[in-house]
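These notes concern the structure reproduced below.
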Amino acid sequence: MINLLRKILFPFSILYGFITSIRNFLFDKGILKSHTFDLPIIAVGNLSVGGTGKTPQIEYLIRLLSSKYKVATLSRGYKRKSEGFVLADANSNAAVLGDEPFQFYQKFPNIQIAVDANRKNGIEQLLSQPSKPEVILLDDAYQHRKVKAGFYVLLTSYGDIYADDFMLPTGNLRESRSGSKRANIIIVTKCPENLSIEEQNKIRIRLKLNSNQELYFSYIDYDEFIYSESKSIKVDEIKNADKLLLAGIAKPEPFFAYLQSNNDEKLVFPDHHHFSENDLVNIKDKAQNKLIITTEKDYVRLKNSVLKEQLYYLPIKSSFLSDSDNFDKTILNYVGTSTRNR
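Counting from 1, position 293 in the sequence shown corresponds to residue 293 in UniProt numbering; the numbering is continuous, with no gaps.
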């Protein structure tokens, strides 16, 4: 039924694609103004809606850069209850920042975490702080062309690459495939760990890269432990135990597959779901005395709830199938060169 509806809506995809192409043309020609800033800015995003692994990729860049530079992240703060520019501090929570920025703040307390739907204003506010960042990472800002980043990292999911997709509402693309040409680096995310060189080359051909673009393949690397507020347990020790698996992310299937045994119960919620009191009561009733294991993104919204005594999360990170040294070198060269030129 959904596929039929998408086919019926194909004319609207053509219209939407035309509108976004005109917008990009106006930015490309300088008719619509893009603002630039005198420091290295890396934008991480995608052409499609949701589920390409932006959060673990931002965390990878934080780990790479934060030992050498003063790093800040700037996100929209999707579904937060605050407005305007907010700089994370000790009073912040997921409701104020949004779940992903609050996750950054919990994991990387020594960098600046900010949210603002207006990226230009957000960058200006960060640069007005007493301790100015030396590098800014823009989260989910590939289509935010009112700011021109110095470097673009485009993500596309294995098995759902943009070269095979269509514009909304028929497909999942926010803009046409030609938007990929703005990227300096393209990463095919969520690959199988054993993806062959032959298959990688086939994908490379389908993506039709420009000669100046670099292509990498990454996979989701799951932690060997699950964590609560006060303890950790090896995944091997709970694999066959009865438990409730809970996820409110775009594509939860790999998370479930990594943890699930035959007797486990799964609860799936929409991406960035706001858990109501009724949700929490229902989850607790279903779990009884079992462990509740959720994603790291969901955990930051649930850790102070009635579930906290039995609640654990599974961390993930982005890892490259190969050539991670080349990726690191490209990023560090861009940031180092931009910093010296300031």
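Ideal Cβ positions, reconstructed from N, Cα and C, are used throughout, including at glycine.
I need the straight-line Cα distance from SER338 to SER21, nearest angstrom please.
30 angstroms
For PHE225, collect the residues of the same chain with a Cβ closer than 7 angstroms to its Cβ; drop the 5 residues on either side in sequence, then sort them by chain order.
SER232, ILE233, LYS234, VAL235
Give the single residue among ARG63, ILE19, PHE37 whose Cα lies nearest to the Cα of SER319.
ARG63
Do ARG204 and SER48 count as a contact pair if the criterion is CB distance below 9 angstroms?
no
From the DSSP secondary-structure annotation, give me the bridge partner or partners of ALA114.
LEU74, LEU87
Report the option in PRO11, VAL44, LYS107 whose CA atom is closest to the CA atom of HIS144.
VAL44
With DSSP collapsed to three states, give me the class of residue 346.
A query on residue 346 cannot be resolved here, the shown segment of the chain reaching from 1 to 342 and no further.
Below 7 angstroms CB to CB, which residues in the same chain sit around LEU280 once its five sequence neighbours on both sides are set aside?
SER305, VAL306, LEU307
Beta-carbon separation (whole angstroms), PHE85 vs GLN57, contact threshold 8 angstroms
About 24 angstroms; that fails the 8 angstroms criterion.
Could you tell me which residues DSSP pairs with SER218 in its beta bridges?
PHE320
Could you check the C-alpha separation between LYS107 and ARG23 for me, to the nearest Å?
37 angstroms
C-beta atoms of ILE293 and PHE151 nearer than 9 angstroms:
no
For THR295, which residues in the same chain have their Cβ closer than 7 angstroms to its Cβ, ignoring the five residues on either side in sequence?
ALA247, ILE249, PHE255, TYR313, LEU314
Local Cβ density within 10 Å of residue 421, reported as buried at 16 or more and exposed below that
Shown here, the chain extends from 1 to 342; a query on residue 421 therefore has no answer.
Which runs of the beta strand (DSSP E) spanning at least 3 residues fall entirely within the region 238-326, listed in chain order?
243-247, 265-268, 291-295, 311-314, 316-320
Exposure label - SER75; buried when at least 16 CB within 10 Å
buried
Is it the case that the Cβ atoms of LYS317 and ASP99 are separated by a distance below 9 angstroms?
no
On the CB-based measure, 16 or more other CB atoms within 10 Å of its CB, does ASP116 come out buried or exposed?
buried
Using the Cβ count rule (16 or more neighbours within 10 Å means buried), how would you classify ARG206?
exposed
Selection from THR156, PHE166, CYS191 that minimises the alpha carbon distance to ALA183
THR156
Those residues which DSSP pairs with GLN139 across a bridge:
Residue 139 is actually Asp in this sequence, not Gln. According to DSSP, ASP139 bridges with VAL44.
Span separating the alpha-carbon of VAL71 from that of ALA114
11 angstroms
Would you tell me roughly how many angstroms separate the C-alpha atoms of LEU9 and HIS273, rounded to the nearest one?
27 angstroms
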